[in-house]
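Worksheet: one structure, shown below.
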């Protein structure tokens, strides 16, 4: 039991306590916002596993979110499936999809991989337009029941908690070590017996599964309405921004990253700058740039720097 | 539901009982949200940024009209506060913003929200919460036909399928043997227009020799125009948003194709767009479209009360829109017209309007004349008629690169 | 300096197959494709017209792809804001025409401004974070949103129009129409590639830039101002982007979203050609334009919704066979 582990547990318990008590203070609308944080938390967590821990850059997580989101919408619309049941279904389907994507992705690295995933993000919503009779096309597809703010809050945060646990378990064990060794040096990893294809594809699968669940909740937060415009390129870029602000390769900053991208648009739109709506984009862009210039390694990087300040002794464990 | 859920539900239940008891104890009439003795608050979501942002003159014009009304005493002494929110045409934004309007700002009604998909994403929520979703800026027909399931929702403009029908009828009667080529956007907007065209053509729908769709992400539509030309089409029908409509007109001329008639859907028939097409080499004389609003540039309409009022209001309350208005931007008139209708219904909703009385007023209009609509157009709604405007007039372009629309024929009725 | 040039040439050659990252099978394939297009055009007028239209479209993809490639060659990053920077420069040119400058005066003044703009962005925003690929990507994403907001604030989002650069004349060969605008765009793109080639191959500046990109440490040792070369690289890329924007304006007109779709296709074209090859970017762009038009014409299933997925599908297939694009160089991975 290292000191770090105890600190982590304490932080987790405090955070969990806040999450449980918050609904008693918040009204429905703010519960919805808080749920949005949880949704981005899950998505950023997923991306972090892929990009932060195995070093495979993906700018395509919006595509996996779309898969999960449409799974929920379609199952609920046509089969009146219980909304809660669609979540594990979305997880499974997105996982499978991630594995499928991960296989050709083995062939690419660096920028090429980034652009291939970007291509995915751009292309997947187009298929909803192509198969419009089944998937609703530009008019979208609606679930048969819509959740309340409270339901969304409870379910999103519960999923966030569960998936955080899953991520932690995966990353602390052999799989996590394999992931990290791949990120640091693929050749060395292969030389030490890590079967690259299996672990790299697995990382894609897990990451996609997380994004799929986030996508389901995302659609549910949009009143159960799934439509291609919701999964545009910008969504994938937003998740990437969240992961970068969080700090890649560490679980500590994920919440900060999630809060950043979930709440920044709301915050920027209430700044009375340069008149009405354009202020929002300008503020958002400025803040993103500023954060990256000041903290290029994200929040987790900041923590690391603070920890290595003189006077703070730590037992450094990789992670 | 888990334990926490049950506790919360019980707590909520106690609160509800207490509230009902309190209301019963105090009796009296509780006002609807968004209404005070001096003000009425409404809001809507619009694409102020993003791919559809060229429509943002609409809420600006609507606000100008409300400012004008406020300056003249408001409606029954109440000033109208209009919250304009930007959803970027993305339902993932529309939903939380609309929830914010209803639950935070506590608006009386959602007015004028723009876009089919955005409105589809919220109509369940708004109807469930009995919040009026009125005079929304989209030409789809769902709002008109679904009044039984969604009684709190109503549109304003004549719908796209109806407009497409007019073109079909026109072609069937004036050019019964012409071969028709259709360019349409590959979403519900374009598809509904095209479906309307086929209905209007009736027995002549076989005259459509080719129908090419385009994706909004395409930078030009040359490939589709070429395909239509190659199929032997003689009439070109364009159901597109402005950029692609203009490029379609330009490309048709560039590839050496002179159709005997060209039709452009109303959404892209803004005078500015035709002028731009002409400036880029398109042959625009004779292009046909429809209109349902007054024109700010047609000299024969310059003395209409609606045109004069529009110029006065914009000049005073939204001078930044003056240039657009002077060049014939129909979106400005559209905004004024929709806002006028809102105010009309509010005026007829009683001294102390409620959401229910407001909807009743909106749904019982009989031959109401909105000054910003084309002369002769009368708005009618009833318990079974949820389409306020169902009339259109045909117009044809004349005068080339510095010309304008000229209106011809009779008003078409029953446009839905 | 001569010694450096010699060393660079040897090093570049070592990591290539046959001069310029071009391999025989790829060249043969392209020649075969060109012959196919020629024959098809002679046989069917509609095939010819679609090909010509495709080349015109592709020229636009190519010109933006060129700027992406230039940035990648110089600094090994993808600039997501490239399209928006191009768009902003085009709006600036528009403003100049509103201030009564002639189109071509505005054009070249805008190019100059673009150069400064690109260099300033590199120095102020990219240099501080250039050690981290992810950070650079995020900064360019932030820049994307920022520029979009600023342009919409200053000029509004309604459609605006500039005078046509090459006029509206259309020439006809048989039943195939060639517009002056499209020919002009093609010409401008080719001239840009040639100028770039001359710059890199024959000038000292180009040599210094290549050195700075390939071996920054060694280059610095012999007096190449590496940072300055990177800034110049970004400046040049911004100029190319401005050209792309100005050539795109006649087709989609001025609106804040004008370059967004083009950027997507430009990415595909750049990667298709190999991210380090300017010629590859141009050929990739042209090929993509022609391919999309022909597929749209002759394959019924390939309706307009699938245009983007098809473009990227092609990219994926090519990458599976040649992971570094048609003309890309295989990187030797060292432990």
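Residue numbers (our numbering), protein chains in the order written: chain A, 11 to 329; chain B, 1142 to 1557; chain C, 2 to 336. Note that CB positions come from ideal geometry on N, CA and C, so glycine has one too. Because the structure is a prediction, the values reported are computed rather than measured.
Rounded C-alpha distance that separates residue i from residue j
i	j	result
residue 1252 of chain B	residue 1470 of chain B	21 Å
residue 96 of chain C	residue 230 of chain C	30 Å
residue 249 of chain C	residue 193 of chain C	15 Å
residue 1442 of chain B	residue 1478 of chain B	16 Å
residue 1312 of chain B	residue 1521 of chain B	28 Å
residue 1369 of chain B	residue 53 of chain C	16 Å
residue 1163 of chain B	residue 1178 of chain B	With a pLDDT of only 43 at residue 1163 of chain B, under the threshold of 50, the placement of this residue in the model should not be trusted; the figure read from the coordinates follows. Those two C-alpha atoms are separated by around 22 Å.
residue 1291 of chain B	residue 1511 of chain B	25 Å
residue 213 of chain C	residue 201 of chain C	12 Å
residue 124 of chain C	residue 297 of chain A	18 Å
residue 1529 of chain B	residue 59 of chain A	54 Å
residue 1426 of chain B	residue 154 of chain A	50 Å
residue 1175 of chain B	residue 1181 of chain B	5 Å
residue 1383 of chain B	residue 1410 of chain B	8 Å
residue 284 of chain A	residue 238 of chain C	Note that residue 284 of chain A scores a pLDDT of 49, beneath 50, so its modelled location is shaky; the value from the coordinates is reported in the next line. Between residue 284 of chain A and residue 238 of chain C, the C-alpha separation is close to 30 Å.
residue 1166 of chain B	residue 277 of chain A	Bear in mind that the predicted position of residue 1166 of chain B carries a pLDDT of just 41, short of 50, making it unreliable; the figure below should be weighed with that in mind. The straight-line gap from Cα to Cα measures roughly 42 Å.
residue 92 of chain C	residue 183 of chain C	21 Å
residue 150 of chain A	residue 216 of chain C	52 Å
residue 250 of chain A	residue 257 of chain A	10 Å
residue 130 of chain C	residue 308 of chain A	12 Å
residue 128 of chain A	residue 111 of chain A	12 Å
residue 1493 of chain B	residue 231 of chain A	35 Å
Cβ separation of residue i and residue j, assumed to be a contact under 8 Å, to the nearest whole Å
i	j	result
residue 1299 of chain B	residue 1475 of chain B	That belief does not hold up - the Cβ atoms of residue 1299 of chain B and residue 1475 of chain B are roughly 12 Å apart, past 8 Å.
residue 1428 of chain B	residue 1445 of chain B	Not quite, the Cβ-Cβ distance comes to about 24 Å (not below 8 Å), so this is no contact.
residue 297 of chain C	residue 299 of chain A	That belief does not hold up - the Cβ atoms of residue 297 of chain C and residue 299 of chain A are roughly 39 Å apart, past 8 Å.
residue 79 of chain A	residue 228 of chain A	6 Å
residue 316 of chain C	residue 140 of chain A	Their Cβ separation, rounded to whole angstroms, is 19 Å, which puts residue 316 of chain C and residue 140 of chain A out of contact at 8 Å.
residue 1355 of chain B	residue 1324 of chain B	7 Å
Boundaries (first-last residue) of the alpha helix (DSSP H) holding residue i
i	result
residue 122 of chain A	120-140
residue 1240 of chain B	1232-1240
residue 1551 of chain B	First-last for residue 1551 of chain B: 1545-1553, but that is the beta strand (DSSP E), not the alpha helix (DSSP H).
residue 1484 of chain B	1471-1488
residue 1408 of chain B	First-last for residue 1408 of chain B: undefined, no H or E at that position.
residue 244 of chain A	243-256
residue 64 of chain C	46-76
residue 217 of chain A	206-231
residue 49 of chain A	38-57
residue 29 of chain A	13-35
Beta-carbon proximity of residue i to residue j, cut-off 8 Å
i	j	result
residue 1282 of chain B	residue 1322 of chain B	no
residue 1228 of chain B	residue 148 of chain A	no
residue 1340 of chain B	residue 1289 of chain B	no
residue 67 of chain A	residue 120 of chain A	yes
residue 1424 of chain B	residue 1399 of chain B	yes
residue 256 of chain C	residue 160 of chain C	yes
residue 1284 of chain B	residue 1265 of chain B	no
residue 233 of chain A	residue 1248 of chain B	no
residue 87 of chain C	residue 245 of chain C	yes
residue 236 of chain A	residue 139 of chain C	no
residue 81 of chain C	residue 266 of chain C	no
residue 1196 of chain B	residue 1458 of chain B	no
Bridge partner(s) assigned by DSSP for residue i
i	result
residue 1223 of chain B	B:1183
residue 1322 of chain B	B:1351, B:1377
residue 1429 of chain B	B:1404, B:1537
residue 1520 of chain B	B:1509
residue 173 of chain C	C:178
residue 1295 of chain B	B:1275
Boundaries (first-last residue) of the beta strand (DSSP E) holding residue i
i	result
residue 1536 of chain B	1533-1539
residue 1380 of chain B	1376-1380
residue 179 of chain C	177-180
Min CB distance residue i to chain F below 8 Å
i	result
residue 1262 of chain B	The structure shown contains no chain F; its protein chains are A, B and C.
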